[in-house]
Every structure is written in structure tokens, then in C-alpha cells.
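Quick note on numbering: the sequence shown equals residues 109 to 295 in the numbering used here.
For glycine and all other residues, C-beta sits at the position ideal for the given N, C-alpha and C.
All values reported here derive from a predicted model rather than from experimental measurement.
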Amino acid sequence: MNGEATTTAVMKPGPLKRLGDVIQLAYFPTDFDATMKYWIETVGVGPFFVLNDVRLDEMKYKGEPTDAVFTMAIGYWGDIQIELIKTDSDAPSLYSGEYAVRDRLHHVCVFVESIADARAACAEAGAQVIVEGKVGADGEVIYVDPGQGPGHVIEYLQPLSGTEGLFQMMKDAARDWDGSDPIRVLQ
């Protein structure tokens, strides 16, 4: 091949897409507040729902326990979540070191029914688990590097039971949002 794409080649699709659709685009901005303002005033995404003091139970970063704390703001653009993240601690995490890409797409998220199935597909694809943790009583999350390094991370989230209503409330609030109450603190 001469480096040009060809449409005649047959390639086996990788296993990660079959886990589900991307539901979120996540960013780790240098200026959290200014970035939220940009998404609200320029793009029109909103309202944003802010969750402070977010911690994962049994969180590990690259296999080592960590007690990272962060703030996140979630808004919806149609069916896609826009997530903005701010670190609130110096603990090792996906938002420190080599994976702390800022001011561009940081990761995407896929909701899954089974973290075990996500782990199996990631192992099949050769994806490295970077972060893992528990979300409440029965939710789990993993962040994986499928091989392209920082900026190409995929989050697989098995949501905590009952959070479907929370995400639906956020989506419904965005559907006909008129610009009022653009930043809503949930915790």
C-alpha cells in the first residue's frame, strides 16, 4: 500500500463499539468557569448541573489506590452529554500526569450494562485500564486507553441504579432551555 486509504480491504471491526454508543464528550479545561461560560453563551448548551466533591469508591489509578477528588459539570446538547471536569486534589488521577490533556477532548463515555463485559472487550482489544472504581452501591466505572494514548481515553460506566432519572432530568431541562438558571449546583 502507498499510504492511501482503500475501500476494498476487509478489516475485522474491533470489539469496543459493540459495547454501546458514545453518550458523552468530556473536557478538562484550564479555566473551568470560562469554559462553562463558553458552552453556555457561545454554543448554547445548558443548563449545566454541577457536582462538587466527586469521589469514586475503591478508586485506582494505574492499579494503585488513589483518593482523587474532582468537580464535574454536565450539560446536554441533544442526546450527548457535555462534561467539564476540574480537579479538587493533587492525588494521582486521569487528570494528572500524561493523561491530563487540557482544552480539547479528554475522553468519551459509553454507558454499559456490565463492567465485566466491558473489561472483557477491552482485554480483547488490548486496551489498558487506567482508572477503575465503584460508583455508589452498584455502579462501576473504568477508563481505558485503547492504544492511542492521552486524548483517546474511553470511559465505560455502569451507572448506579436510579441515576437514569437524574440524567433524564438533565436532558429534559436542556431540551427547551431558555437560558435561565444556567448553572445549577446539585451537590
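In the three-state reduction of the DSSP assignment, residue 119 falls in the coil class, being assigned neither a helical nor a strand state. Per DSSP, the beta-bridge partners of residue 248 are 242, 266. The three-state secondary structure of residue 146, taken from DSSP, is helix. Look at the stretch 121-209 and you find these whole runs of alpha helix (DSSP H), each 4 residues long or longer: 140-146. Taking 8 Å as the cut-off, the Cβ atoms of residue 156 and residue 183 count as close.
In the DSSP assignment, no residue is bridged to residue 225. Taken through DSSP and simplified to helix, strand or coil, residue 236 comes out as strand. In this chain, the alpha helix (DSSP H) harbouring residue 274 covers 271-283.
Residue pairing by DSSP puts residue 253 in a beta bridge opposite 236. Contact between the stretch 258-272 and the stretch 210-228 is present, with at least three C-beta pairs closer than 8 Å. Note that the stretch 255-263 does not touch the stretch 273-293; fewer than 3 beta-carbon pairs, one per stretch, sit closer than 8 Å. Annotation: residue 220 is outside any beta strand (DSSP E) and is labelled neither H nor E by DSSP.
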